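Residue numbers (the numbering used here), protein chains in the order written: chain A, 24 to 309; chain B, 380 to 518.
Where a beta carbon is used, it is the ideal one built from N, C-alpha and C, also for glycine.
Since the model is a prediction, treat every value here as computed from it, not as a measurement.
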Amino acid sequence: MAVGKEIKNKIGSVQNTQKITSAMQMVAASKMRRTQDRMQQGKPYSDRIRGVISHLANSNPEYKHTFMEARPVKRVGFIVVSSDRGLCGGLNVNLFRTVVKQMAELDAKGVEVDMGLIGNKAAPFFRSVGANVVAVMPDVGETPLIADLIGGIRVMLDAYSEGKIDQLFLASNDFENTMTQTPTVRQLLPLNPADDESYKHRWDYIYEPDARQLIEGLLLRYLESQVYQAVVENGACEQAAKMIAMKNATENAEKLIDELQLIYNNARQAAITQEIAEIVSGAAAV
Amino acid sequence: MATFQCEIVSAEESLFSGAITSLSVRGTIGELGITPGHAPLLTGINPGAVTLQMEDGNEQVYFASGGYLEVQPGFVTLLADTALRAEDLDEAQAEEARILAEKAMEDRNSETEFSSAAAMMAEALAKQRTLEELRRRRR
C-alpha cells in the first residue's frame, strides 16, 4: 500500500536519530563515572591548599608577594573553562552568559577585560562578542594534563605580575549533582582572606627555608591546582550535561515517533475505509 | 595525651585524616618533629618518611615525595606531591628506580638532565630509607 510513504520514511529517520542519541547517552554515562572519579580524587588536595592559602592571606607575612596585594582595578583577567565538544545542553552557554554579564558590569565601570580561554568552545564565542582574548588552551581532552594548561596560566599570571591586569577570575561550572551544574566565577588573584575570626589577630608563620621562595612555590602550586581542578570538574559537568541532553533528545524522539505512528495509522485506516466504501458502492451499482 | 588534627593529602587522594600526638617529617632544612601547640610554620618537605604517632601509641609510616607542610596551633596539613602508605612501597621497585637513576646520572649530557636525574636519585634513596625505617620498627 502506497499510503503514508512519507510518514513511514519520517518515522525511520527519527528512529535512526534516536539510536544515535541513546548511544551517546550511554557513552556519556560511562564517561561521567570516570570523570567524576577524577574530580573526587583531586578535590581533597585543592580544598586543603585553598585552606592553607587563605590562612596565608590572613597572616602578616614578612614577604608580601604581588599576588597578595590588592590594587585599584583598571583591568581584569578571566580564565574561562569550557568543554571541547558541544551537544551538552546549556552548559557552556550558561557559563558564558554569566561571564558576559560580569564583563558588562565591569565595562560600565570603565574596567577592561582580558580573557584566557580553556577548551574548544570558548574561543569562537568570546571572539564573536569582541572580547580581548590573550591566551587559548584548546583540546584539553578527557584526561586533562597540568602540562597543557601551564602555558596559558602563565600568560595570565605574568600579566598580573607585570601589572597589566589587577584581578584574576576563574569561571567554570560547579558539579552539584548529575542534574545541576552551576556556573561560578571565583576570584583567584589577589588572594581572598578566609572569613574566620580566629585568624584576624596579628600573626605570621615561621618559614623554612625562606619566605620568598616558599611562598612563590606554594602560590604557583595553588593556582595550578585550582585551575586544574576547575578543568576536571568542568569535564564531569560536561559529561553529566551531555547525558541529560541526550536522554531528553531520546525521549523527544520517542514522543515524535508515537505521534507520527498515530498519523500514519489514521491515514492507513482512512484509505481502507475509502476502499471498502468504493467496493460496496460499486457492488450496489451492479 | 594532647592531640592535634592531621591531614595528609596528595594530588591523587586523601591518605590520612585524624587525631595524632606527634608527626615527624623531613623538611627542606632538616628533620622536623611536630607536637601539639607547635608555632605556625610553613615549610617545604624533602622526599622521605612521614611518621605519625597515634593516640593509642601505634605508629603509621607514609612516604611523601616532596610538597609542603602547614602547621597551625590545632592542626597540621601536609600537601604532598605524591604520597604512599609505606606498606605500599615496593622494595624491588625502589631498587630498580635507584639503579635507573644511577644510570641516568652516569650518561647525562646536560645540566637539566643531571638535575632531574639527581631528583630521581633522591626520591629512590628516600624510598629505600623509608622501607628500612619501617623494617626497623617492625622488629
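Under the rule that 16 or more other beta-carbon atoms within 10 Å means buried, what is residue i, buried or exposed?
| i | result |
| --- | --- |
| B:N437 | exposed |
| A:S317 | No answer is possible for residue 317 of chain A: it lies beyond the span of chain A, which begins at 24 and ends at 309. |
| A:D162 | exposed |
| A:M49 | exposed |
| A:G109 | exposed |
| B:K506 | buried |
| A:G139 | buried |
| A:K132 | exposed |
| B:G427 | buried |
| A:D137 | buried |
| B:A496 | buried |
| A:Q297 | exposed |
| A:S53 | exposed |
| A:N81 | buried |
| A:G27 | buried |
| A:S248 | buried |
| B:G416 | exposed |
| B:E449 | buried |
| A:V122 | buried |
| A:V152 | exposed |
Residue j and residue i - do their beta-carbons sit closer together than 8 Å?
| i | j | result |
| --- | --- | --- |
| A:I267 | A:P84 | no |
| B:S396 | B:T414 | no |
| B:Q384 | B:P419 | no |
| B:G441 | B:R464 | Strictly speaking, residue 441 of chain B in this sequence is Tyr, with Gly absent from that position. Closer than 8 Å, so yes. |
| A:K285 | A:V37 | Reading the sequence as shown, one finds Leu at residue 285 of chain A and not Lys. No. Outside cutoff. |
| B:T422 | A:E231 | yes |
| B:E392 | A:P67 | yes |
| A:G240 | A:M179 | no |
| B:I360 | B:L457 | Not covered by the structure: residue 360 of chain B. The range shown for chain B is 380 to 518. |
| A:Y245 | A:I76 | yes |
| A:I43 | A:Y287 | no |
| A:L242 | A:H88 | yes |
| A:Y86 | A:R235 | yes |
| A:I188 | A:R98 | yes |
| A:V134 | A:V103 | no |
For a contact meaning CB atoms closer than 9 Å, what does residue i contact in chain B?
| i | result |
| --- | --- |
| A:P206 | Chain B residues near A:P206: none, gap ~26 Å exceeds 9 Å. |
| A:G240 | G423 and Y447 |
| A:L237 | T407, L421, T422, G423 and Y447 |
Starting from the beta carbon of residue i, find every residue of chain A whose beta carbon is closer than 8 Å, and list them in chain order.
| i | result |
| --- | --- |
| B:I399 | Those within 8 Å of B:I399 in chain A number zero; the least Cβ separation is about 16 Å. |
| B:S494 | None at all; the shortest Cβ gap to chain A is about 16 Å. |
| B:I456 | Checking the sequence shown, residue 456 of chain B turns out to be Thr, not Ile. Result: R71, G74 and V75. |
| B:A501 | Result: empty, since nearest Cβ-Cβ is about 16 Å, beyond 8 Å. |
| B:Q451 | H78 |
| B:A418 | I229 |
Got a sec? Which residues, its chain only, sit under 8 Å from residue i by beta carbon, not counting five neighbours each side?
| i | result |
| --- | --- |
| A:P167 | Y251, V254, V255 and G258 |
| B:G412 | S401, L402 and S403 |
| B:A473 | A503, K506, Q507 and L510 |
| A:S69 | S248, Q249, Y251 and Q252 |
Anything in chain B within Cβ reach of residue i, meaning under 8 Å, just list it in chain order.
| i | result |
| --- | --- |
| A:I43 | Simply none; closest approach about 36 Å. |
| A:P232 | T407, I408, T422 and G423 |
List, in order along the chain, the chain A residues whose C-beta lies closer than 9 Å to that of residue i?
| i | result |
| --- | --- |
| B:I413 | Here the premise fails: no neighbours, minimum Cβ distance about 12 Å. |
Quick one: what's got a C-beta closer than 6 Å to residue i's C-beta in the same chain, skipping five residues either side?
| i | result |
| --- | --- |
| A:K270 | Q48 |
| B:A390 | none |
| A:N117 | P206 |
| B:E512 | A428 |
| A:N143 | D107 and P161 |
| A:V159 | L140 and A146 |
| B:Q439 | L431 |
Using a Cβ-Cβ cut-off of 7 Å (strictly less than) and excluding sequence neighbours within five positions of residue i, which residues of its own chain qualify?
| i | result |
| --- | --- |
| A:L114 | S106, N196, Q204, C260, E261 and A264 |
| A:L212 | F90, Y183, Q190 and L191 |
| A:V156 | M138, L140, A146, F149 and R150 |
In chain B, what lies closer than 7 Å to residue i by C-beta?
| i | result |
| --- | --- |
| A:Q64 | E391 and E392 |
| A:E256 | Within chain B, no residue comes near A:E256; the closest Cβ sits about 15 Å away, beyond 7 Å. |
| A:Y68 | V388, S389, A390 and L458 |
So residue i contacts chain A; which residues on that side make the cut at Cβ distance below 7 Å?
| i | result |
| --- | --- |
| B:E386 | R71 |
| B:Q439 | Chain A residues near B:Q439: none, gap ~18 Å exceeds 7 Å. |
For chain D, check one thing: does any of its Cβ atoms lie closer than 8 Å to the Cβ of residue i?
| i | result |
| --- | --- |
| A:P213 | Judged by its chain identifiers, the structure shown contains no chain D, and its protein chains are A and B. |
Open item on the list: List, from N- to C-terminal side, the alpha helix (DSSP H) runs of 4 residues or more that fit wholly inside the region 144-217 of chain A.
Closed with: Correct list: 145-151 and 169-184.
Task: Continuous beta strand (DSSP E) assignments of at least 3 residues falling wholly in the region 383-461 of chain B - done: Here the runs fully enclosed are 383-389, 393-406, 409-413, 420-424, 427-433, 438-443, 446-451 and 454-459.
Task: Entirely enclosed alpha helix (DSSP H) segments - the region 102-147 of chain A, minimum 4 residues - done: 114-131
Task: Entirely enclosed beta strand (DSSP E) segments - the region 261-292 of chain A, minimum 3 residues - done: none
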